[in-house]
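Residue numbers (our numbering): 27 to 267.
Glycine included, each C-beta is placed from N, C-alpha and C at the ideal position.
Notes to accompany the following structure.
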């Protein structure tokens, strides 16, 4: 996934395995990370509404966003997977070397297993290929493997925890019309003594007939191509925190 999705949601994931359940990987804990879009001396193609440059420091975790309803069927058992977010509870994300395991936020009990076992329903997602997926219900009886109908539509999203210290800046492509390029600059830092966040948002317009070199705060960009549906810039200097 080229672009970093930012969801303004309070999130803290502390992961623990369920007693008696078959663990697919190791528990995943939120970690303090620096993430960015746009590297100096590279070209950055961007569509309207996307970030040309982005830099962030904060506590990040993974979340699976399922966009459509699908049903898991297997060995006489079935379980519905409604659209929603997977991985936003205390024991809902695991990983191994190759896969993420996103579990349904609630414990589920499937009829027909015979043991009345509680299981975690969810998805296995290949870290390198998000189109490689499998519906799962790992349990203490080792039951797993649902066929999904229809195929799920989803994305794996980086979630920033807004309860912990964070800081980000971005430059976003808004529009291009009549040689006028409109960009948006935003910055946010928090928490600030429990009173919310410090924010700054600017809408900036540039006449590309005058100059194709753009300076925004500490960043410097050179416009290579501009159109209503696409902007390509060369990153001369990036954003810094």
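Compute the Euclidean distance between the alpha carbons of residue i and residue j, then round it to the nearest angstrom.
{"i": "residue 72", "j": "residue 244", "result": "20 Å"}
{"i": "residue 251", "j": "residue 154", "result": "30 Å"}
{"i": "residue 227", "j": "residue 120", "result": "36 Å"}
{"i": "residue 64", "j": "residue 104", "result": "44 Å"}
{"i": "residue 162", "j": "residue 206", "result": "50 Å"}
{"i": "residue 39", "j": "residue 85", "result": "Reliability of the predicted coordinates at residue 39 is poor, the pLDDT of 25 falling under 50, and the value obtained from them is presented with this limitation in mind. Spanning the two alpha carbons is a distance of roughly 10 Å."}
{"i": "residue 198", "j": "residue 210", "result": "5 Å"}
{"i": "residue 66", "j": "residue 111", "result": "34 Å"}
{"i": "residue 113", "j": "residue 160", "result": "16 Å"}
{"i": "residue 299", "j": "residue 233", "result": "In this structure the chain extends from 27 to 267, so residue 299 is not present and cannot be described."}
{"i": "residue 262", "j": "residue 186", "result": "27 Å"}
{"i": "residue 242", "j": "residue 96", "result": "45 Å"}
{"i": "residue 248", "j": "residue 178", "result": "40 Å"}
{"i": "residue 231", "j": "residue 203", "result": "11 Å"}
{"i": "residue 150", "j": "residue 225", "result": "37 Å"}
Using CA coordinates, which residue listed in the options is at the minimum distance from residue i?
{"i": "residue 109", "options": "148, 119, 84, 118", "result": "148"}
{"i": "residue 14", "options": "67, 249, 241, 195", "result": "In the structure as shown, the chain starts at 27 and stops at 267, and residue 14 therefore has no counterpart that could be examined."}
{"i": "residue 100", "options": "233, 199, 209, 174", "result": "174"}
{"i": "residue 17", "options": "223, 81, 242, 201", "result": "The requested residue 17 is not part of the displayed model; the chain covers only 27 to 267."}
{"i": "residue 77", "options": "122, 95, 201, 94", "result": "201"}
{"i": "residue 184", "options": "81, 88, 68", "result": "88"}
I think residue i touches residue j, with their Cβ atoms under 8 Å apart; what is that distance to the nearest whole Å?
{"i": "residue 98", "j": "residue 172", "result": "3 Å"}
{"i": "residue 91", "j": "residue 180", "result": "6 Å"}
{"i": "residue 82", "j": "residue 192", "result": "7 Å"}
Does the beta carbon of residue i fall short of 7 Å from some heavy atom of the ligand GTP?
{"i": "residue 224", "result": "The ligand GTP is not part of this structure, which contains no ligands at all."}
Is it the case that the segment 224-238 contacts the segment 53-69, given that we only count it when at least three CB pairs across the two stretches are under 8 Å?
no
Are at least three pairs of beta-carbons, each pair with one atom in the segment 69-89 and one in the segment 248-267, less than 8 Å apart?
yes
Report the start-end ranges of each beta strand (DSSP E) in the segment 192-260 that is 3 residues or longer and not cut off at the edges.
192-203, 206-216, 224-233, 239-242, 245-252
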